[in-house]
Every structure is written in C-alpha cells, then in structure tokens.
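Participant: Sharing a structure below in structure tokens format, with a few things to ask.
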Amino acid sequence: MEVKRSPIFHDFYAGLVSEQMETSTKLYGDAVSFYADKDPSLPADTLMYTVACINDPDRVEGHLNWGVSMLEPVCVCGECNMTRGHFHLDLNCQEYYWCAKGSGLLMLMDEKGKCWCEQMEPGTLHKIDGHHAHRLINTGEERLDVICVWNSNAGHDYARVEAMPFPVRVYKEDGEIVFKEGGNE
C-alpha cells in the first residue's frame, strides 16, 4: 500500500503551508472604513490582519474550506482591531471558529440587528449559525489567531453588513474593554 504525505500542513507555530493556500492581507488604508474614526497617526500600510486559507475548488454543498485569520494587536483611536464582518450568502451554511492564540471577541449579529459577543481565548470553539453575521475583534496585546472551517458554497455577504452595521463597537480605555453603541452609518 502506498502512503502519501498530505499536500497541506498546518503548523500551529509557523502557520498554514500548501501550494493551494490563498493569502490576503488587510492594511489600515484598506480597512479605514471599518472604524468609527480615522487615525491620522496610523500609517496606511499598517498590517491589520491576514487570512490564509485552502479553498475547495468545487464550491458545492458538502465541501469545506479551511483557514486561519490572524489579527494584529492594533487600535484605531482606541477602537480594537477587527475584521470587516459578514453574513454568508447561503444562510444555511454554518461555520466553526477555533481560537489558537491570543484573546479577543467573536461579535455576532442576528438578522434583526441584535448583537452579542463570545469571549475568545486559546482552545475556545465557536459554532456560528448561518443566519448570524460575524466578525473577529482582537482585544489582547498579541496577535489573535483563529482557525476557521466553513462550507465552500457559503459565500460572503459584505454588502448586507454595510447596509446594517454591527451596532456595537469595542474600545480599549485605560487597559479595560469598553463597549459603545453605534455602527458605521
């Protein structure tokens, strides 16, 4: 019997390694609209987060994607670094997040705009309902690494979150996490 080596390797220290891997980075200049205020002291080329993933080429029901989101410990005018956030295009597709490193929040929002967070720390596993928008927020002093598994046909609906923004923002003030009402209107 032939034994083959997997073409995909996820080293928890070095990261995801594969010829099939796709990587995207979000710099502050690309993410400035996510935040309540613009920070003129923050260079536009500041790395905010990186997403590395293995996307199944067949975007059909039952096929899965694997990825890791890595959020830098950056604040914008006191507001904690976060991902853009999205609903899935196919609301029947759920997703799992597993916190591998760092500390933060998984912010969730239902279709009526009700918002809540789940605390993230190494080892926490989060099941995300397909009808909930979700975003990651780094509240810690080190990079937040979150492993993600989702259906390849889920899709990302960013426009829906732009039309109905998350109604709560997360700030760090004097070392404490503070929640403030108000999305990007």
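So the sequence shown is numbered by the working numbering: it starts at 204 and just counts up by one. Ideal placement from N, C-alpha and C gives every residue a C-beta, glycine not left out.
(1) Of the residues 354, 225, 340, which one's Cα is nearest the Cα of residue 348?
(2) With H, G and I counted as helix, E and B as strand and the rest as coil, what does DSSP make of residue 205?
(3) Helix, strand or coil, according to DSSP, for residue 364 in the structure here?
(4) Counting C-beta neighbours from all protein chains within 10 Å, is the total for residue 373 16 or more, i.e. buried, or is it exposed?
(5) Determine the closest residue to residue 278 out of 303, 252, 299, with distance taken between C-alpha atoms.
(6) Helix, strand or coil for residue 333? Go by DSSP, reduced to three states.
(7) Please classify residue 313: does DSSP put it in a helix, a strand, or coil?
Facilitator: By the coordinates alone:
(1) For the purposes of this step, residue 348 is taken as residue 145 along the sequence shown, with counting starting at 1. It is 340 whose Cα lies nearest to the Cα of residue 348.
(2) Reading the sequence shown from its first residue, position 2 is the one you call residue 205. Of the three classes helix, strand and coil, the one that applies to residue 205 here is coil, per DSSP.
(3) The residue you call residue 364 lines up with position 161 of the sequence shown. Residue 364: helix per DSSP, three-state reduction.
(4) Within the sequence shown, the letter at position 170 stands for residue 373. Buried is the call here.
(5) Taking the sequence shown and counting its residues from 1, the one referred to as residue 278 is at position 75. Check the Cα spacing between residue 278 and each of 303, 252, 299: the tightest is with 252.
(6) Counting from 1 along the sequence shown, the entry for residue 333 is found at position 130. If DSSP states are grouped into helix, strand and coil, residue 333 belongs with coil.
(7) For the purposes of this step, residue 313 is taken as residue 110 along the sequence shown, with counting starting at 1. DSSP, reduced to helix, strand and coil, places residue 313 outside both helices and strands of the structure shown, so it counts as coil.
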